[in-house]
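A.B. asks: Just so you know, the sequences run in chain order A, B, C and D.
By this note's numbering, the letter at position 134 of the first sequence is numbered 498, and the numbering carries on one by one without gaps.
By this note's numbering, the letter at position 196 of the second sequence is numbered 560, and the numbering carries on one by one without gaps.
By this note's numbering, the letter at position 86 of the third sequence is numbered 450, and the numbering carries on one by one without gaps.
By this note's numbering, the letter at position 113 of the fourth sequence is numbered 477, and the numbering carries on one by one without gaps.
For each residue, glycine too, the CB sits at the ideal point set by N, CA and C.
There are 4 protein chains.
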Amino acid sequence: MSDNGIHPDAGKRQKILESAFAVFSQKGYQQTKVEEVAQHAGIGKGTVYLYFTSKEELLREMLKAMIKKYLSELKQKLAEETDPWAKLKVMYTIHVSLLQENPSLVQLHLHDFAFVNDQFRSWLETEKEDFVNHIAAIIESGIQTGQFRPLNAKLAAALIISSLGVFLPPHSSECFSVDELVDLLFHGMSRRVSAQA
Amino acid sequence: MSDNGIHPDAGKRQKILESAFAVFSQKGYQQTKVEEVAQHAGIGKGTVYLYFTSKEELLREMLKAMIKKYLSELKQKLAEETDPWAKLKVMYTIHVSLLQENPSLVQLHLHDFAFVNDQFRSWLETEKEDFVNHIAAIIESGIQTGQFRPLNAKLAAALIISSLGVFLPPHSSECFSVDELVDLLFHGMSRRVSAQA
Amino acid sequence: MSDNGIHPDAGKRQKILESAFAVFSQKGYQQTKVEEVAQHAGIGKGTVYLYFTSKEELLREMLKAMIKKYLSELKQKLAEETDPWAKLKVMYTIHVSLLQENPSLVQLHLHDFAFVNDQFRSWLETEKEDFVNHIAAIIESGIQTGQFRPLNAKLAAALIISSLGVFLPPHSSECFSVDELVDLLFHGMSRRVSAQA
Amino acid sequence: MSDNGIHPDAGKRQKILESAFAVFSQKGYQQTKVEEVAQHAGIGKGTVYLYFTSKEELLREMLKAMIKKYLSELKQKLAEETDPWAKLKVMYTIHVSLLQENPSLVQLHLHDFAFVNDQFRSWLETEKEDFVNHIAAIIESGIQTGQFRPLNAKLAAALIISSLGVFLPPHSSECFSVDELVDLLFHGMSRRVSAQA
DNA sequence: TATGAATGAGCGTTCATTCAT
DNA sequence: TATGAATGAACGCTCATTCAT
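What follows is the structure, given as structure tokens:
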């Protein structure tokens with residue numbers, strides 16, 4: 365489904381994916397020429413087509429790989445925590461540090477690849493849904509343990525994921541701290557009047 | 365930067381902008397042909413170039429106009445409320461109803477505007493900053509009145525604005541209610557155990 | 365079906381068709397670049413696509429026009445004759461003189477456009493079938509009048525059409541005379557022994 | 365011109381020619397990829413270039429070989445007959461059965477060989493001339509024996525060769541019989557009125 | 001001012017050919 | 001000798017932009 369079968373040089377495929385990440389991140393899909401990706405990888409234009417059937421597939425595979433890598437790193441780190449509260453805190457921390465280590469990821473966020481075509485759009489939405497469900501499950505377990513109050517876990521998950529955008533430019537991660545944001549999400553904005561009673 | 369000087373027919377310029385909004389929203393930038401915009405506006409293709417120097421400028425001007433209109437509508441409605449709490453609630457409600465009235469706005473979010481130039485990008489960031497500050501001011505006043513607890517108003521504002529994304533697809537506004545989200549943001553996720561003590 | 369609807373300049377369409385005839389005849393389909401046809405017509409490459417949707421359609425329309433013109437000339441001249449025998453003689457004469465007036469037609473014969481695609485192939489075969497049937501009808505009428513002996517009219521028609529190839533290079537029309545060929549076809553090769561009795 | 369000198373494995377060269385025949389016949393020149401020919405021959409793509417300098421040369425050599433083989437088979441069979449009349453009848457029969465045994469030969473006719481260079485074209489014309497002369501000689505001898513009436517032997521030969529096209533699609537060999545065609549050629553179309561007298 | 005016919009730069013993809021192994 | 005991974009020239013088609021009217 366993704367590539368043309370068995371390829372001679374798995375390293376080259378990887379190299380092309382990395383170049384695709386670099387160039388698509390910087391310029392978006394339509395503005396990127398296949399030849400640019402090839403040049404970035406130090407290979408000929410035709411070689412790209414030995415590993416990917418089309419520019420579109422190249423983008424899809426690159427995104428797949430990035431998302432997989434991103435989510436697997438995230439999930440692995442989350443798995444090391446047991447406390448739902450800690451999990452979410454860790455998630456923010458990891459997310460922010462990933463963005464800092466890899467500024468191109470920020471750019472990647474700023475592009476919207478949904479427009480490539482409808483199939484692509486639905487694939488992206490599925491991926492996002494998956495991520496939301498993963499976070500929602502964490503929240504559910506927090507509700508079970510009583511650490512979180514009963515709430516719409518999916519909404520909370522969607523909110524948390526949306527809130528990651530807070531760390532994108534122009535409010536880079538230098539502006540706000542993870543702790544502040546987590547505190548805000550966990551305790552809310554309102555003065556807990558009744559609680560004080 | 366935006367137009368070629370003074371045009372005799374400001375109404376025609378406006379009509380082109382509206383058509384650009386309609387078509388770009390539905391099909392994205394790259395997929396839209398200038399001729400389609402012209403047809404939608406009921407004019408000839410060449411006429412577009414009497415009012416805008418390029419397709420790209422047309423998009424930028426359209427985005428500028430839409431954002432200005434959106435923010436001014438929002439700010440005006442907010443001005444009608446006095447209570448900070450109510451203001452924020454109202455903001456969500458207006459946002460969601462705007463999206464519902466104008467589904468194209470939703471689409472607008474889903475397209476690739478990567479080609480924006482630096483000038484436009486900085487304008488965009490200024491506008492966003494403005495909006496954040498506007499919301500932050502509301503929050504500040506809420507803190508003054510004691511309705512909100514002391515918190516980083518700018519962060520809260522950024523969070524609120526980010527959270528608007530919750531109502532975009534695939535979690536359309538039908539999935540979540542404004543009230544749920546407001547409740548979550550205002551009261552937080554955690555069970556307020558200690559507070560109850 | 366053939367063009368994109370109403371075109372501004374019918375003369376230009378005709379000019380393109382003529383250029384297509386000139387270039388396709390000389391170089392065949394695959395070897396011909398659309399830009400060459402455009403250059404021959406003294407127009408830009410893109411202009412070709414205002415009148416024809418694709419290179420393939422351009423070929424089809426050109427062939428259609430040529431065949432139509434060729435057959436209509438032929439049929440018209442044939443209509444002026446009443447005697448089946450004379451009709452066939454005239455057909456040869458016209459065919460040969462057309463080839464002489466228009467050497468590109470010779471080239472056109474030497475290319476085989478059937479391979480363009482299956483649809484094209486069947487269209488060509490239909491055209492040829494039409495032509496065969498037209499000739500066969502003439503022969504049938506000759507049989508009715510008793511000028512021709514009872515024979516498979518369709519086979520005779522196919523033979524006659526095939527025999528036109530005799531005048532193609534390397535045996536150009538200068539080698540053989542129409543009269544000789546007609547005589548041969550009409551009286552056969554064998555010494556008419558029994559007739560001598 | 366044809367190969368790169370002496371090759372160790374003449375059998376492999378032959379094998380490649382046969383594969384070229386099989387694939388070019390079926391798909392035409394432009395549609396055939398060199399790799400397909402190589403695969404059909406069970407060798408690597410690069411190996412083809414050890415025996416032929418280019419795809420085009422491969423085609424020319426294949427055509428040469430097929431034509432030579434076809435003509436030599438035909439001439440050999442003809443040599444077995446002594447009667448001119450019988451020879452021609454046999455020629456048709458052989459031709460048709462060759463086409464039936466080897467449907468690819470039919471296909472070979474249907475493709476565009478326009479790109480042949482002048483050298484090849486002249487070789488082709490020489491071969492054709494040769495064939496015509498061969499048939500013409502048969503006819504001459506028939507005239508000598510009085511079986512054929514005095515006629516332009518070369519024209520008759522050209523006609524006979526052209527008439528072979530009658531058995532190509534769309535009028536496949538199933539439509540017409542060899543006997544019918546031979547009868548037509550030998551006795552002509554006209555009712556032999558005067559002979560009846 | 002307004003038009004839309006004309007233009008040609010631009011790009012994704014293919015595949016004949018090369019060459020390192 | 002044989003291979004097949006790598007290459008890049010080539011081309012059909014699109015569409016933003018221009019300009020004669």
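1) Compute the Euclidean distance between the alpha carbons of Glu-504 of chain D and Ser-526 of chain D, then round it to the nearest angstrom.
2) Under 7 Å between C-beta atoms, does Pro-534 of chain D make it to chain C?
3) Output yes if chain A places a C-beta closer than 7 Å to the C-beta of Gln-394 of chain B; else output no.
4) With a threshold of 16 other CB atoms inside 10 Å of the CB of Val-542 of chain B, please say whether the residue is buried or exposed.
5) Using a Cβ-Cβ cutoff of less than 7 Å, which residues in the same chain neighbour Ser-558 of chain B once the five nearest sequence positions on both sides are dropped?
6) What is the rounded straight-line gap between the Cα of Gly-510 of chain D and the Cα of Arg-555 of chain C?
7) Could you list the residues in the region 487–517 of chain D with a C-beta less than 7 Å from some C-beta on chain C, going in chain order?
8) Rounded to the nearest angstrom, what separates Leu-549 of chain B and Met-455 of chain A at their Cα positions?
9) Among residues of its own chain, excluding the 5 on either side of Trp-449 of chain A, which ones have a beta-carbon nearer than 7 Å to its beta-carbon?
10) With three or more C-beta pairs closer than 8 Å as the rule, is the region 513–520 of chain A touching the region 481–501 of chain A?
11) Buried or exposed, going by whether 16 or more other CB atoms sit within 10 Å of the CB of Ser-383 of chain A?
12) Taking the DSSP output, what are the residues bridged to Ser-554 of chain A?
13) Look at the alpha carbon of Met-426 of chain C and the alpha carbon of Pro-467 of chain C, and state the distance between them as a whole number of angstroms.
14) Can the beta-carbon of Thr-396 of chain D be found less than 7 Å from the beta-carbon of Phe-388 of chain D?
15) So which of C:Gly-392, C:Ala-522, C:Tyr-415 and C:His-459 has the shortest CA-CA distance to Gln-471 of chain C?
16) Check whether the Cβ atoms of Val-546 of chain C and Leu-523 of chain D sit closer than 7 Å, and answer yes or no.
17) Evaluate Ala-374 of chain C with the Cβ neighbour count: other Cβ atoms within 10 Å of its Cβ, from every protein chain shown; 16 or more gives buried, anything less gives exposed.
18) Does Met-455 of chain B have its Cβ less than 7 Å from a Cβ in chain A?
19) Can you find a CB in chain D that lies within less than 7 Å of the CB of Ser-366 of chain C?
20) Assuming Ile-458 of chain B and Lys-441 of chain B form a contact by the criterion Cβ under 8 Å, report the distance between their Cβ atoms to the nearest whole angstrom.
21) Measuring alpha carbon to alpha carbon, tell me which of A:Ala-405, A:Asp-494, A:Gln-390 and A:Asp-447 ends up nearest Arg-377 of chain A.
22) In chain A, what lies closer than 8 Å to Phe-550 of chain B by C-beta?
23) How would you call Ala-561 of chain A, buried or exposed, if buried means at least 16 neighbouring beta carbons within 10 angstroms?
24) What is the DSSP secondary structure of Asp-367 of chain D, counted as helix, strand or coil?
25) Can you tell me whether Gly-410 of chain A is helix, strand or coil according to DSSP?
26) Looking at the C-beta of Val-530 of chain C, does it have a partner C-beta in chain D at a distance below 7 Å?
27) Below 7 Å between beta carbons: does that hold for Phe-416 of chain A and Leu-423 of chain A?
28) Is Lys-451 of chain C near Glu-445 of chain C, with beta carbons less than 7 Å apart?
29) Output the distance between the C-alpha atoms of Glu-603 of chain A and Asp-494 of chain B, rounded to the nearest integer angstrom.
30) Check whether the Cβ atoms of Lys-409 of chain D and Glu-400 of chain D sit closer than 7 Å, and answer yes or no.
31) Helix, strand or coil for Leu-357 of chain D? Go by DSSP, reduced to three states.
32) So for Lys-376 of chain D, helix, strand or coil by DSSP?
33) Distance cutoff 7 Å, beta carbons only. Does Phe-416 of chain A sit that close to anything in chain B?
34) Under 8 Å between beta-carbons, which chain B residues line up against Leu-523 of chain A? List them in chain order, please.
35) Using a Cβ cut-off of 9 Å, pull out every chain B residue sitting near Ala-520 of chain A, in sequence order please.
36) On the CB-based measure, 16 or more other CB atoms within 10 Å of its CB, does Lys-419 of chain A come out buried or exposed?
C.D. replies: In brief:
1) Position 140 of the fourth sequence, counted from the start, is the residue given in the question as residue 504 of chain D. Position 162 of the fourth sequence, counted from the start, is the residue given in the question as residue 526 of chain D. Taking the straight line from one Cα to the other gives about 18 Å.
2) In the fourth sequence, the residue the question calls residue 534 of chain D occupies position 170. Yes, contact with chain C.
3) Here the question's residue 394 of chain B lines up with position 30 in the second sequence. Yes, because at least one Cβ of chain A sits closer than 7 Å to the Cβ of Gln-394 of chain B.
4) What you label residue 542 of chain B is simply residue 178 of the second sequence in a count that begins at 1. So Val-542 of chain B counts as buried.
5) Along the second sequence, read from residue 1 onward, the residue named residue 558 of chain B stands at position 194. Reliability of the predicted coordinates at Ser-558 of chain B is poor, the pLDDT of 45 falling under 50, and no value is obtained from them.
6) Counting from one through the fourth sequence, the residue named residue 510 of chain D turns up at place 146. Counting from one through the third sequence, the residue named residue 555 of chain C turns up at place 191. Approximately 7 Å between the Cα atoms of the pair.
7) Glu-489, Lys-492, Glu-493, Gly-510, Gln-511, Phe-512, Arg-513, Leu-515 and Asn-516
8) Indexing the second sequence from 1 puts residue 549 of chain B at position 185. Indexing the first sequence from 1 puts residue 455 of chain A at position 91. The alpha-carbon atoms of Leu-549 of chain B and Met-455 of chain A are separated by roughly 19 Å.
9) If you number the first sequence from 1, residue 449 of chain A lands on position 85. Within the same chain, Trp-449 of chain A has close Cβ partners Gly-506 and Gln-511.
10) yes
11) Mapped onto the first sequence, residue 383 of chain A falls at position 19. Classification for Ser-383 of chain A: buried.
12) Working through the first sequence from its first residue, we reach residue 554 of chain A at position 190. According to DSSP, Ser-554 of chain A bridges with B:Phe-512.
13) Here the question's residue 426 of chain C lines up with position 62 in the third sequence. Here the question's residue 467 of chain C lines up with position 103 in the third sequence. Rounded to whole angstroms, Met-426 of chain C to Pro-467 of chain C spans 16 Å at the Cα level.
14) Sequence index remark: in the fourth sequence, residue 396 of chain D carries index 32 (1-based). Sequence index remark: in the fourth sequence, residue 388 of chain D carries index 24 (1-based). For Thr-396 of chain D and Phe-388 of chain D, yes; Cβs fall inside 7 Å.
15) Here residue 471 of chain C refers to the residue found at position 107 when the third sequence is read from its first residue. Ranking the options by Cα distance to Gln-471 of chain C, first place goes to C:Gly-392.
16) Reading the third sequence from its first residue, position 182 is the one you call residue 546 of chain C. Reading the fourth sequence from its first residue, position 159 is the one you call residue 523 of chain D. Contact: no.
17) For the purposes of this step, residue 374 of chain C is taken as residue 10 along the third sequence, with counting starting at 1. With fewer than 16 other Cβ atoms within 10 Å, it is exposed.
18) To locate residue 455 of chain B, count along the second sequence from 1; it is residue 91. Not an interface residue.
19) Taking the first residue of the third sequence as 1, we reach residue 366 of chain C at position 2. Unreliable positioning characterises Ser-366 of chain C in this predicted model, as indicated by a pLDDT of 47, which lies under 50. A coordinate reading is not provided.
20) Here residue 458 of chain B refers to the residue found at position 94 of the second sequence. Here residue 441 of chain B refers to the residue found at position 77 of the second sequence. Contact holds; Cβ gap of about 5 Å.
21) As a first step, residue 377 of chain A must be located in the first sequence, where it is residue number 13. Residue A:Ala-405 is the option with its Cα nearest to Arg-377 of chain A.
22) To locate residue 550 of chain B, count along the second sequence from 1; it is residue 186. Those are Gly-552, Met-553 and Ser-554, listed as they occur along chain A.
23) Within the first sequence, the letter at position 197 stands for residue 561 of chain A. Here the model assigns Ala-561 of chain A a pLDDT of 35, short of 50, so the residue's position is not dependable and the matter cannot be decided.
24) Start at 1 with the first residue of the fourth sequence, and residue 367 of chain D comes out as number 3. For Asp-367 of chain D, the predicted model reports a pLDDT of 48, less than 50, meaning its position is unreliable and no value from the coordinates is stated.
25) The residue given as residue 410 of chain A occupies position 46 in the first sequence. The answer is helix: DSSP assigns Gly-410 of chain A an H, G or I state.
26) For the purposes of this step, residue 530 of chain C is taken as residue 166 along the third sequence, with counting starting at 1. Yes, Val-530 of chain C lies at the interface with chain D (some Cβ there is under 7 Å from its Cβ).
27) The count along the first sequence starts at 1 and reaches residue 416 of chain A at position 52. The count along the first sequence starts at 1 and reaches residue 423 of chain A at position 59. No, these two residues do not count as a Cβ contact at 7 Å.
28) Position 87 of the third sequence, counted from the first residue, corresponds to residue 451 of chain C. Position 81 of the third sequence, counted from the first residue, corresponds to residue 445 of chain C. In this structure, Glu-445 of chain C lies closer than 7 Å to Lys-451 of chain C by Cβ.
29) The structure shown does not extend to residue 603 of chain A, since chain A is modelled only from 365 through 561, so no value can be given for it.
30) On the fourth sequence, position 45 is the one that residue 409 of chain D refers to. On the fourth sequence, position 36 is the one that residue 400 of chain D refers to. Taking 7 Å as the Cβ cut-off, Lys-409 of chain D and Glu-400 of chain D do not qualify as a contacting pair.
31) Residue 357 of chain D lies beyond the residue range present for chain D, which begins at 365 and ends at 561; the question has no answer from this structure.
32) Residue mapping note: residue 376 of chain D aligns to position 12 of the fourth sequence, counting from 1. Here Lys-376 of chain D sits in helix by DSSP.
33) Translated into the one-based positions of the first sequence, residue 416 of chain A becomes position 52. By this cut-off, Phe-416 of chain A is not an interface position.
34) As a working mapping, residue 523 of chain A is identified with position 159 in the first sequence. Residues of chain B passing the Cβ test: Ser-527, Val-530, Leu-545, Leu-548 and Leu-549.
35) Numbered from 1 along the first sequence, position 156 holds the residue referred to as residue 520 of chain A. The contacting residues are Leu-548 and Met-553.
36) Taking the first sequence and counting its residues from 1, one reaches residue 419 of chain A at position 55. The residue in question, Lys-419 of chain A, is buried, as its Cβ has 16 or more Cβ neighbours within 10 Å.
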